[in-house]
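Report on one structure; see the data block that follows.
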Amino acid sequence: MKKTRNNLKETKYYNSGIELWKEAEKIIPGGNGLLSKRPQRYLPDFWPTYYKRSKKLNIWDLNGKKYTDMAQMGVGTCILGYSNDVINKKIIKSIKDGNNSTLNSKDEFILAKKLLKIDKFAEQVKFARGGGEAIDIAIRIARASTKRDNIIFSGYHGWYDWYLATNLTKKNGLKDHLLPGLDPMGVPKKLKNTVKPLRYNDIKELTKIKNPKSYAAFILEPCRFFYPEKKFIKKVNEFCKKNKICLIIDEITTGFRETLGGIYKKVGLNPDMVVYGKGLGNGHPISCIVGKKKFLKYSNQSFISSTAWTERSGFVAACAVIDFIKSKKVTSQISKNGKFLKKEWIKISKKNKIDISVSEFNALPTFYFNYEKQNEKLYTIFTYEMLKRNYLASNSVYLSYAHKKKDLKKYLLNFDIVIKIIKKYIDGKLQFNFKTRYQGFKRLN
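Residue numbers are given in my numbering: position 121 of the sequence shown equals residue 122, and the series is strictly consecutive.
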(Lines of atoms letter the chains of each structure in order from A; the text may use other names.)
(Lines give C-alpha, C1' and ligand atoms only; values in the text may rest on other atoms or scores of the structure.)
Protein backbone atom coordinates (compact mmCIF):
# COMPACT_ATOMS: atom_id res chain seq x y z
CA MET A 2 0.00 0.00 0.00
CA LYS A 3 1.31 3.45 -0.97
CA LYS A 4 2.04 5.92 1.79
CA THR A 5 1.12 9.59 1.32
CA ARG A 6 3.37 12.35 2.60
CA ASN A 7 1.71 14.92 4.89
CA ASN A 8 0.41 18.11 3.33
CA LEU A 9 2.59 21.03 4.44
CA LYS A 10 -0.53 23.13 4.96
CA GLU A 11 -1.47 20.87 7.85
CA THR A 12 1.91 21.14 9.53
CA LYS A 13 4.18 23.70 11.18
CA TYR A 14 5.78 24.33 7.78
CA TYR A 15 2.90 26.49 6.57
CA ASN A 16 3.59 30.26 6.55
CA SER A 17 1.75 33.54 6.05
CA GLY A 18 3.65 34.38 2.86
CA ILE A 19 1.40 32.01 0.94
CA GLU A 20 -1.73 33.98 1.83
CA LEU A 21 -0.01 37.30 1.14
CA TRP A 22 0.97 36.09 -2.34
CA LYS A 23 -2.66 35.32 -3.18
CA GLU A 24 -3.57 38.90 -2.27
CA ALA A 25 -0.58 40.33 -4.18
CA GLU A 26 -1.68 38.60 -7.38
CA LYS A 27 -4.92 40.61 -7.27
CA ILE A 28 -3.19 44.01 -7.41
CA ILE A 29 0.23 43.26 -8.99
CA PRO A 30 0.16 41.59 -12.44
CA GLY A 31 1.87 38.23 -11.99
CA GLY A 32 2.21 38.89 -8.25
CA ASN A 33 5.64 40.52 -8.53
CA GLY A 34 8.10 42.02 -11.01
CA LEU A 35 10.34 38.99 -11.54
CA LEU A 36 9.24 35.69 -13.01
CA SER A 37 12.06 33.76 -11.30
CA LYS A 38 10.76 34.62 -7.81
CA ARG A 39 7.20 33.40 -8.30
CA PRO A 40 6.28 30.48 -5.99
CA GLN A 41 4.71 28.47 -8.83
CA ARG A 42 8.21 27.86 -10.14
CA TYR A 43 9.26 26.07 -6.96
CA LEU A 44 6.46 24.72 -4.82
CA PRO A 45 2.95 25.99 -5.54
CA ASP A 46 0.92 26.68 -2.37
CA PHE A 47 3.85 25.98 0.00
CA TRP A 48 6.83 28.18 -1.02
CA PRO A 49 7.51 30.85 1.69
CA THR A 50 7.55 33.50 -1.09
CA TYR A 51 8.37 36.56 1.08
CA TYR A 52 11.30 37.31 3.36
CA LYS A 53 11.77 39.47 6.43
CA ARG A 54 15.57 39.32 6.62
CA SER A 55 18.55 37.71 4.88
CA LYS A 56 22.16 37.23 6.01
CA LYS A 57 25.05 35.22 4.53
CA LEU A 58 23.26 32.12 3.17
CA ASN A 59 20.19 32.33 5.39
CA ILE A 60 16.71 33.77 4.85
CA TRP A 61 13.96 34.39 7.44
CA ASP A 62 10.36 34.31 6.20
CA LEU A 63 7.51 36.51 7.44
CA ASN A 64 6.91 34.11 10.33
CA GLY A 65 10.55 34.32 11.41
CA LYS A 66 11.37 30.80 10.23
CA LYS A 67 14.99 30.43 9.13
CA TYR A 68 16.01 28.71 5.88
CA THR A 69 19.35 27.95 4.26
CA ASP A 70 19.40 29.08 0.65
CA MET A 71 20.63 26.32 -1.66
CA ALA A 72 18.76 27.69 -4.65
CA GLN A 73 18.83 31.18 -6.12
CA MET A 74 20.76 33.52 -3.77
CA GLY A 75 18.76 36.49 -4.98
CA VAL A 76 18.54 35.02 -8.51
CA GLY A 77 22.31 35.01 -8.73
CA THR A 78 22.87 38.56 -7.51
CA CYS A 79 24.36 37.87 -4.07
CA ILE A 80 27.67 36.34 -5.07
CA LEU A 81 29.27 37.17 -1.69
CA GLY A 82 26.25 36.10 0.34
CA TYR A 83 23.34 38.10 1.68
CA SER A 84 23.97 41.43 3.40
CA ASN A 85 27.78 41.18 3.32
CA ASP A 86 29.19 43.33 6.15
CA VAL A 87 32.10 44.74 4.12
CA ILE A 88 29.89 45.81 1.23
CA ASN A 89 27.14 47.09 3.56
CA LYS A 90 29.55 49.33 5.47
CA LYS A 91 30.67 51.11 2.31
CA ILE A 92 27.17 51.45 0.90
CA ILE A 93 25.72 52.77 4.16
CA LYS A 94 28.43 55.43 4.30
CA SER A 95 27.73 56.46 0.71
CA ILE A 96 23.99 56.72 1.41
CA LYS A 97 24.59 58.83 4.51
CA ASP A 98 26.74 61.14 2.38
CA GLY A 99 23.92 61.39 -0.17
CA ASN A 100 23.02 58.79 -2.79
CA ASN A 101 22.23 61.32 -5.51
CA SER A 102 22.66 65.01 -6.24
CA THR A 103 22.79 67.57 -9.04
CA LEU A 104 26.48 66.67 -9.44
CA ASN A 105 27.98 63.32 -10.45
CA SER A 106 29.45 60.65 -8.22
CA LYS A 107 33.20 60.17 -8.52
CA ASP A 108 32.59 56.46 -7.90
CA GLU A 109 31.30 56.07 -11.47
CA PHE A 110 34.77 56.97 -12.76
CA ILE A 111 36.51 54.76 -10.18
CA LEU A 112 34.39 51.74 -11.14
CA ALA A 113 35.01 52.34 -14.86
CA LYS A 114 38.79 52.32 -14.26
CA LYS A 115 38.54 49.07 -12.28
CA LEU A 116 36.54 47.36 -15.02
CA LEU A 117 38.93 48.45 -17.78
CA LYS A 118 41.81 46.88 -15.85
CA ILE A 119 39.87 43.60 -15.79
CA ASP A 120 38.78 43.65 -19.44
CA LYS A 121 41.97 44.56 -21.28
CA PHE A 122 40.34 44.62 -24.73
CA ALA A 123 37.90 47.35 -23.66
CA GLU A 124 38.40 51.12 -23.78
CA GLN A 125 35.11 52.53 -22.52
CA VAL A 126 32.28 51.69 -20.11
CA LYS A 127 28.58 52.55 -20.06
CA PHE A 128 26.56 51.97 -16.86
CA ALA A 129 22.93 51.06 -16.19
CA ARG A 130 21.14 49.29 -13.34
CA GLY A 131 19.30 46.25 -14.69
CA GLY A 132 20.78 43.45 -16.79
CA GLY A 133 18.03 43.56 -19.42
CA GLU A 134 18.37 47.29 -19.98
CA ALA A 135 22.16 46.97 -20.29
CA ILE A 136 21.66 44.36 -23.02
CA ASP A 137 19.20 46.69 -24.76
CA ILE A 138 21.77 49.48 -24.62
CA ALA A 139 24.41 47.20 -26.15
CA ILE A 140 22.02 46.27 -28.99
CA ARG A 141 21.25 49.94 -29.64
CA ILE A 142 24.98 50.76 -29.74
CA ALA A 143 25.67 47.87 -32.13
CA ARG A 144 22.92 49.01 -34.50
CA ALA A 145 24.06 52.64 -34.36
CA SER A 146 27.71 51.82 -35.00
CA THR A 147 27.18 49.31 -37.83
CA LYS A 148 24.21 51.09 -39.48
CA ARG A 149 22.50 47.68 -39.60
CA ASP A 150 19.30 46.43 -37.96
CA ASN A 151 19.34 42.64 -37.67
CA ILE A 152 20.55 40.63 -34.67
CA ILE A 153 21.79 37.05 -34.21
CA PHE A 154 21.58 35.56 -30.73
CA SER A 155 22.22 32.36 -28.82
CA GLY A 156 20.91 32.19 -25.27
CA TYR A 157 18.67 34.16 -22.95
CA HIS A 158 18.95 37.95 -23.20
CA GLY A 159 15.98 39.48 -21.42
CA TRP A 160 12.43 40.63 -22.11
CA TYR A 161 12.93 43.50 -24.55
CA ASP A 162 11.20 43.84 -27.93
CA TRP A 163 14.24 43.07 -30.07
CA TYR A 164 14.58 39.63 -28.39
CA LEU A 165 10.93 38.61 -28.21
CA ALA A 166 10.50 39.62 -31.86
CA THR A 167 11.98 36.19 -32.58
CA ASN A 168 8.54 34.68 -32.08
CA LEU A 169 6.99 37.01 -34.65
CA THR A 170 8.89 35.14 -37.33
CA LYS A 171 8.39 31.69 -35.87
CA LYS A 172 6.01 30.89 -33.00
CA ASN A 173 8.54 28.72 -31.16
CA GLY A 174 11.66 30.62 -32.21
CA LEU A 175 12.77 30.85 -28.58
CA LYS A 176 12.18 27.16 -27.89
CA ASP A 177 15.90 26.32 -27.78
CA HIS A 178 16.77 29.34 -25.64
CA LEU A 179 14.37 30.10 -22.79
CA LEU A 180 10.79 30.89 -23.64
CA PRO A 181 9.05 28.09 -25.56
CA GLY A 182 5.65 29.01 -26.90
CA LEU A 183 5.67 32.60 -25.65
CA ASP A 184 3.13 34.85 -27.38
CA PRO A 185 4.99 38.11 -28.27
CA MET A 186 2.00 40.30 -27.43
CA GLY A 187 2.81 44.01 -27.60
CA VAL A 188 5.94 43.55 -29.70
CA PRO A 189 5.72 45.67 -32.91
CA LYS A 190 4.95 43.51 -35.94
CA LYS A 191 7.48 45.52 -37.96
CA LEU A 192 10.26 43.78 -36.02
CA LYS A 193 9.44 40.50 -37.76
CA ASN A 194 12.49 38.93 -39.45
CA THR A 195 14.95 41.23 -37.65
CA VAL A 196 16.23 38.56 -35.24
CA LYS A 197 17.93 35.23 -35.94
CA PRO A 198 18.08 32.61 -33.16
CA LEU A 199 21.05 30.26 -33.33
CA ARG A 200 21.23 27.00 -31.40
CA TYR A 201 24.26 26.65 -29.15
CA ASN A 202 27.16 24.85 -30.88
CA ASP A 203 25.28 24.61 -34.20
CA ILE A 204 28.10 25.37 -36.64
CA LYS A 205 26.11 24.15 -39.64
CA GLU A 206 23.30 26.61 -38.92
CA LEU A 207 25.80 29.43 -38.44
CA THR A 208 27.41 28.86 -41.85
CA LYS A 209 23.97 28.88 -43.52
CA ILE A 210 22.97 32.35 -42.29
CA LYS A 211 21.89 34.35 -45.33
CA ASN A 212 23.04 37.92 -45.99
CA PRO A 213 25.39 38.05 -42.97
CA LYS A 214 26.32 41.68 -43.64
CA SER A 215 22.78 42.72 -42.70
CA TYR A 216 23.45 41.85 -39.04
CA ALA A 217 24.55 44.48 -36.55
CA ALA A 218 25.40 42.12 -33.69
CA PHE A 219 25.83 38.56 -32.61
CA ILE A 220 25.04 38.27 -28.91
CA LEU A 221 25.52 35.08 -26.95
CA GLU A 222 26.09 33.68 -23.49
CA PRO A 223 29.66 32.37 -23.14
CA CYS A 224 28.36 29.49 -21.04
CA ARG A 225 24.95 28.26 -19.99
CA PHE A 226 24.99 25.15 -17.87
CA PHE A 227 27.52 23.70 -20.31
CA TYR A 228 30.47 25.29 -22.10
CA PRO A 229 30.37 25.91 -25.85
CA GLU A 230 32.46 23.68 -28.10
CA LYS A 231 35.85 25.06 -29.20
CA LYS A 232 34.98 24.65 -32.88
CA PHE A 233 31.82 26.69 -32.38
CA ILE A 234 33.71 29.48 -30.61
CA LYS A 235 36.29 29.60 -33.40
CA LYS A 236 33.57 29.86 -36.04
CA VAL A 237 31.75 32.61 -34.13
CA ASN A 238 34.93 34.68 -33.88
CA GLU A 239 35.71 34.19 -37.58
CA PHE A 240 32.12 34.87 -38.68
CA CYS A 241 31.91 38.17 -36.81
CA LYS A 242 35.32 39.39 -37.90
CA LYS A 243 34.75 38.50 -41.56
CA ASN A 244 31.34 40.19 -41.72
CA LYS A 245 32.17 43.13 -39.41
CA ILE A 246 29.48 42.10 -36.96
CA CYS A 247 29.68 43.41 -33.39
CA LEU A 248 30.23 40.45 -31.04
CA ILE A 249 28.45 41.02 -27.72
CA ILE A 250 29.03 38.62 -24.83
CA ASP A 251 26.21 38.42 -22.28
CA GLU A 252 27.95 37.79 -18.94
CA ILE A 253 25.01 38.81 -16.76
CA THR A 254 24.67 35.30 -15.31
CA THR A 255 28.27 34.12 -15.66
CA GLY A 256 30.34 37.21 -14.86
CA PHE A 257 32.56 37.34 -11.75
CA ARG A 258 31.69 33.77 -10.70
CA GLU A 259 34.47 31.54 -12.00
CA THR A 260 36.79 34.29 -13.22
CA LEU A 261 37.45 37.92 -12.36
CA GLY A 262 35.32 39.39 -15.09
CA GLY A 263 33.92 37.18 -17.79
CA ILE A 264 33.93 33.53 -18.84
CA TYR A 265 34.62 34.72 -22.41
CA LYS A 266 38.33 34.75 -21.48
CA LYS A 267 38.19 31.10 -20.50
CA VAL A 268 36.36 29.86 -23.61
CA GLY A 269 38.26 32.01 -26.13
CA LEU A 270 35.66 34.46 -27.44
CA ASN A 271 36.89 37.77 -28.87
CA PRO A 272 34.24 40.34 -27.90
CA ASP A 273 33.61 43.87 -29.04
CA MET A 274 31.35 44.44 -26.03
CA VAL A 275 30.71 42.55 -22.78
CA VAL A 276 27.68 43.06 -20.56
CA TYR A 277 27.77 42.46 -16.78
CA GLY A 278 25.05 42.52 -14.12
CA LYS A 279 23.73 40.34 -11.27
CA GLY A 280 26.77 39.45 -9.11
CA LEU A 281 28.57 42.73 -9.86
CA GLY A 282 26.62 44.54 -7.12
CA ASN A 283 25.98 41.67 -4.65
CA GLY A 284 22.27 42.43 -4.57
CA HIS A 285 22.52 46.15 -5.28
CA PRO A 286 21.41 47.30 -8.75
CA ILE A 287 24.31 47.87 -11.15
CA SER A 288 25.04 46.69 -14.67
CA CYS A 289 27.43 47.80 -17.37
CA ILE A 290 28.64 47.47 -20.92
CA VAL A 291 32.41 47.43 -21.42
CA GLY A 292 33.71 47.60 -24.97
CA LYS A 293 35.82 49.00 -27.73
CA LYS A 294 35.68 52.75 -28.25
CA LYS A 295 34.74 52.42 -31.92
CA PHE A 296 31.42 50.98 -30.73
CA LEU A 297 30.80 52.65 -27.35
CA LYS A 298 31.34 56.15 -28.75
CA TYR A 299 28.01 55.80 -30.56
CA SER A 300 26.20 55.87 -27.23
CA ASN A 301 26.80 59.64 -27.32
CA GLN A 302 25.23 60.00 -30.75
CA SER A 303 22.23 57.78 -30.03
CA PHE A 304 20.19 59.10 -27.11
CA ILE A 305 20.84 56.73 -24.17
CA SER A 306 20.29 58.29 -20.72
CA SER A 307 18.49 57.71 -17.41
CA THR A 308 18.42 59.44 -14.01
CA ALA A 309 18.71 56.20 -11.99
CA TRP A 310 21.93 55.25 -13.78
CA THR A 311 23.83 57.93 -11.82
CA GLU A 312 22.86 57.02 -8.26
CA ARG A 313 25.91 56.43 -6.13
CA SER A 314 25.28 53.18 -4.23
CA GLY A 315 25.46 50.92 -7.29
CA PHE A 316 28.94 52.20 -8.18
CA VAL A 317 30.11 51.91 -4.58
CA ALA A 318 28.74 48.37 -4.29
CA ALA A 319 30.43 47.19 -7.49
CA CYS A 320 33.80 48.70 -6.51
CA ALA A 321 33.61 46.98 -3.13
CA VAL A 322 32.54 43.67 -4.69
CA ILE A 323 35.46 43.66 -7.14
CA ASP A 324 37.94 44.41 -4.34
CA PHE A 325 36.42 41.69 -2.14
CA ILE A 326 36.53 39.08 -4.93
CA LYS A 327 40.21 39.85 -5.50
CA SER A 328 41.26 39.83 -1.85
CA LYS A 329 39.29 36.73 -0.80
CA LYS A 330 39.84 34.66 -3.97
CA VAL A 331 36.08 34.25 -4.24
CA THR A 332 35.96 32.77 -7.75
CA SER A 333 38.38 30.00 -6.79
CA GLN A 334 36.31 29.02 -3.74
CA ILE A 335 33.04 29.03 -5.67
CA SER A 336 34.49 26.91 -8.46
CA LYS A 337 35.97 24.34 -6.05
CA ASN A 338 32.73 24.07 -4.11
CA GLY A 339 30.79 23.62 -7.32
CA LYS A 340 33.00 20.71 -8.35
CA PHE A 341 32.64 19.17 -4.90
CA LEU A 342 28.85 19.51 -4.92
CA LYS A 343 28.45 17.90 -8.34
CA LYS A 344 30.74 15.02 -7.41
CA GLU A 345 28.75 14.33 -4.24
CA TRP A 346 25.39 14.58 -6.02
CA ILE A 347 26.49 11.86 -8.42
CA LYS A 348 27.92 9.69 -5.64
CA ILE A 349 24.76 9.89 -3.50
CA SER A 350 22.45 9.30 -6.45
CA LYS A 351 24.38 6.25 -7.63
CA LYS A 352 24.29 4.82 -4.12
CA ASN A 353 20.51 5.20 -4.08
CA LYS A 354 20.11 3.97 -7.67
CA ILE A 355 18.73 7.28 -8.94
CA ASP A 356 19.62 8.33 -12.49
CA ILE A 357 20.89 11.92 -12.65
CA SER A 358 23.35 13.95 -14.70
CA VAL A 359 25.09 17.23 -13.82
CA SER A 360 26.08 20.48 -15.53
CA GLU A 361 29.60 21.63 -16.45
CA PHE A 362 29.53 25.20 -15.14
CA ASN A 363 30.88 24.90 -11.60
CA ALA A 364 29.65 28.25 -10.27
CA LEU A 365 26.05 27.31 -11.04
CA PRO A 366 26.00 23.53 -10.35
CA THR A 367 22.84 21.84 -11.54
CA PHE A 368 21.60 18.27 -11.42
CA TYR A 369 19.04 16.72 -13.76
CA PHE A 370 16.75 13.79 -13.14
CA ASN A 371 16.67 11.52 -16.17
CA TYR A 372 13.08 10.28 -15.97
CA GLU A 373 11.52 12.24 -18.86
CA LYS A 374 7.85 13.04 -18.09
CA GLN A 375 8.37 12.44 -14.35
CA ASN A 376 11.14 15.02 -14.01
CA GLU A 377 9.08 18.08 -13.04
CA LYS A 378 7.27 16.06 -10.36
CA LEU A 379 10.61 14.82 -9.02
CA TYR A 380 12.04 18.34 -8.81
CA THR A 381 8.90 19.45 -6.96
CA ILE A 382 9.19 16.57 -4.49
CA PHE A 383 12.84 17.46 -3.96
CA THR A 384 11.96 21.10 -3.15
CA TYR A 385 9.08 19.98 -0.91
CA GLU A 386 11.20 17.59 1.16
CA MET A 387 14.14 20.00 1.42
CA LEU A 388 11.79 22.78 2.55
CA LYS A 389 10.65 20.53 5.39
CA ARG A 390 14.31 20.34 6.39
CA ASN A 391 14.61 24.16 6.34
CA TYR A 392 16.27 24.48 2.94
CA LEU A 393 15.21 26.60 0.00
CA ALA A 394 16.37 24.22 -2.69
CA SER A 395 16.00 23.51 -6.37
CA ASN A 396 18.06 21.45 -8.80
CA SER A 397 20.29 24.49 -9.50
CA VAL A 398 22.40 26.31 -6.92
CA TYR A 399 23.84 29.79 -7.35
CA LEU A 400 26.86 29.28 -5.11
CA SER A 401 28.24 32.23 -3.17
CA TYR A 402 31.23 33.06 -0.99
CA ALA A 403 28.95 32.51 2.02
CA HIS A 404 28.57 28.83 1.14
CA LYS A 405 31.37 27.10 3.04
CA LYS A 406 32.33 23.43 2.80
CA LYS A 407 30.70 22.65 6.16
CA ASP A 408 27.40 24.10 4.87
CA LEU A 409 27.57 21.97 1.75
CA LYS A 410 28.28 18.82 3.77
CA LYS A 411 25.26 19.47 6.00
CA TYR A 412 23.12 20.08 2.91
CA LEU A 413 24.35 16.83 1.35
CA LEU A 414 23.27 14.82 4.39
CA ASN A 415 19.76 16.09 3.80
CA PHE A 416 20.10 15.59 0.04
CA ASP A 417 20.85 11.90 0.72
CA ILE A 418 17.70 11.53 2.86
CA VAL A 419 15.52 13.23 0.24
CA ILE A 420 16.95 11.18 -2.63
CA LYS A 421 15.95 8.04 -0.72
CA ILE A 422 12.39 9.40 -0.48
CA ILE A 423 12.37 10.16 -4.20
CA LYS A 424 13.51 6.60 -4.91
CA LYS A 425 10.45 5.34 -3.02
CA TYR A 426 8.23 7.55 -5.16
CA ILE A 427 9.81 6.29 -8.38
CA ASP A 428 9.35 2.70 -7.20
CA GLY A 429 5.66 3.36 -6.51
CA LYS A 430 5.93 2.99 -2.74
CA LEU A 431 5.05 6.61 -1.96
CA GLN A 432 2.74 9.25 -3.35
CA PHE A 433 2.50 13.05 -3.04
CA ASN A 434 -0.70 15.07 -3.18
CA PHE A 435 0.31 18.57 -4.25
CA LYS A 436 0.71 20.64 -7.42
CA THR A 437 3.79 20.14 -9.58
CA ARG A 438 5.94 23.22 -10.11
CA TYR A 439 5.25 25.20 -13.28
CA GLN A 440 8.29 25.75 -15.51
CA GLY A 441 6.74 27.13 -18.68
CA PHE A 442 9.60 29.60 -19.07
CA LYS A 443 12.84 27.80 -18.34
CA ARG A 444 16.49 28.20 -19.18
CA LEU A 445 17.48 25.26 -21.36
CA ASN A 446 20.86 23.50 -21.54
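The C-beta atom is built at its ideal place from N, Cα and C for all residues, glycine as well.
Here the structure is a predicted model, which is why all the values come from computation and not from measurement.
Quick one: is residue i near chain C, going by C-beta distance under 7 Å?
i: Asp-356; result: Protein chains in the displayed structure number just one, and chain C is not present.
Please report the Cβ distance between residue i and residue j, rounded to the nearest whole angstrom; I am assuming they are in contact, meaning their Cβ atoms lie under 8 Å.
i: Phe-325; j: Leu-81; result: 6 Å
i: Ser-288; j: Gly-75; result: Not really, about 14 Å apart at Cβ, beyond 8 Å.
i: Gly-77; j: Lys-279; result: 5 Å
i: Met-111; j: Lys-127; result: Note that residue 111 is Ile in the sequence shown, not Met. That belief does not hold up - the Cβ atoms of Ile-111 and Lys-127 are roughly 16 Å apart, past 8 Å.
i: Met-71; j: Tyr-277; result: Actually they do not touch by this definition, with Cβ atoms about 25 Å apart.
i: Asp-273; j: Gly-292; result: 6 Å
i: Ile-423; j: Ile-357; result: That belief does not hold up - the Cβ atoms of Ile-423 and Ile-357 are roughly 10 Å apart, past 8 Å.
i: Asp-120; j: Val-322; result: Actually they do not touch by this definition, with Cβ atoms about 15 Å apart.
i: Arg-438; j: Pro-45; result: 7 Å
i: Ser-350; j: Ile-420; result: 6 Å
What does the Cβ neighbour count give for residue i, buried or exposed, with the cut at 16 atoms within 10 Å?
i: Arg-54; result: exposed
i: Trp-160; result: exposed
i: Gln-73; result: buried
i: Ile-250; result: buried
i: Lys-107; result: exposed
i: Lys-114; result: exposed
i: Glu-11; result: Because Glu-11 carries a pLDDT of 48, less than 50, the predicted location of this residue cannot be relied on, and no value is offered for it.
i: Thr-208; result: exposed
i: Met-2; result: Because the pLDDT at Met-2 is just 45, under 50, the model does not fix this residue reliably, and the point stays unresolved.
i: Asn-434; result: exposed
i: Ile-234; result: buried
i: Pro-198; result: buried
i: Glu-24; result: exposed
i: Ser-37; result: exposed
i: Gly-18; result: buried
i: Leu-104; result: exposed
i: Gly-282; result: buried
i: Lys-354; result: exposed
i: Asn-301; result: exposed
i: Gly-262; result: buried
Please name the residue or residues paired with residue i in a DSSP beta bridge.
i: Tyr-68; result: Ile-60
i: Ala-218; result: Ile-152, Cys-247
i: Leu-342; result: Answer is none; Leu-342 lacks a bridge partner.
i: Glu-113; result: In the sequence as displayed, the identity of residue 113 is Ala instead of Glu. According to DSSP, Ala-113 bridges with nothing at all.
i: Lys-197; result: Ile-153
i: Arg-54; result: Trp-61
i: Ala-123; result: DSSP lists no partner for Ala-123.
i: Ser-358; result: Tyr-369
Exercise. Does the segment 309-316 touch the segment 372-386, meaning 3 or more C-beta pairs lie closer than 8 Å?
Worked result: no
For this session: Would you check if there are 3 or more beta carbon pairs closer than 8 Å linking the segment 256-275 to the segment 86-95?
Result: The segment 86-95 and the segment 256-275 do not touch, with fewer than three beta-carbon pairs separated by less than 8 Å.
For this session: Flag this pair as touching only if the segment 67-85 and the segment 94-103 have three or more C-beta atom pairs under 8 Å; answer yes or no.
Result: no
Exercise. Which parts of the segment 393-423 are runs of the beta strand (DSSP E), unbroken and 3 residues or longer, counting only runs that do not cross its ends?
Worked result: none
For this session: Any chance you could list the alpha helix (DSSP H) runs of at least 4 consecutive residues sitting entirely within the segment 257-308, in chain order?
Result: 265-268, 294-297
Exercise. Would you call the segment 200-219 and the segment 181-191 touching, i.e. three or more CB-CB distances under 8 Å?
Worked result: no
For this session: Return the chain-ordered ranges of every alpha helix (DSSP H) run that is complete within the segment 67-111 and spans a minimum of 4 residues.
Result: Segments of the alpha helix (DSSP H) lying fully in the segment 67-111: 86-97.
Exercise. Quick check: the segment 399-416 against the segment 339-355, are there 3 or more CB pairs under 8 Å?
Worked result: yes
Exercise. Taking contact to mean at least 3 C-beta pairs separated by less than 8 Å, is the segment 191-206 in contact with the segment 335-342?
Worked result: no
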